Amino acid sequence: MKGKKITKTAIRRSIPLYLLLLPSFVLLFCFSYLPLGGLVMAFERY
Numbered sequence: 024m025k026g027k028k029i030t031k032t033a034i035r036r037s038i039p040l041y042l043l044l045l046p047s048f049v050l051l052f053c054f055s056y057l058p059l060g061g062l063v064m065a066f067e068r069y
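For reference, each letter of the sequence shown is one residue, going 24 to 69 in our numbering.
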C-alpha cells in the first residue's frame, strides 16, 4: 500500500457509509457493554 493516502475528499465521500454503520455500533454498545454493569452488580456483596 505504498503511496496510498487517505485524502479529505475520500473521507467526505464515505460519510454516508459511516452514517450507515453508526446505528449498528450503537446497538452493539447497548446490548453488549451496558449489561456488563448488571453482571458486576450481581456478584457484589451487600
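Glycine is no exception: its CB is placed at the ideal position from the N, C-alpha and C atoms.
Here the structure is a predicted model, which means the values were calculated and not measured.
- Linking residue 33 to residue 56 through their CA atoms gives a straight-line distance of about 32 Å.
- In the three-state DSSP reduction, residue 66 falls in the coil class, being neither helix nor strand.
- DSSP places residue 41 in the uninterrupted alpha helix (DSSP H) bounded by 38-51.
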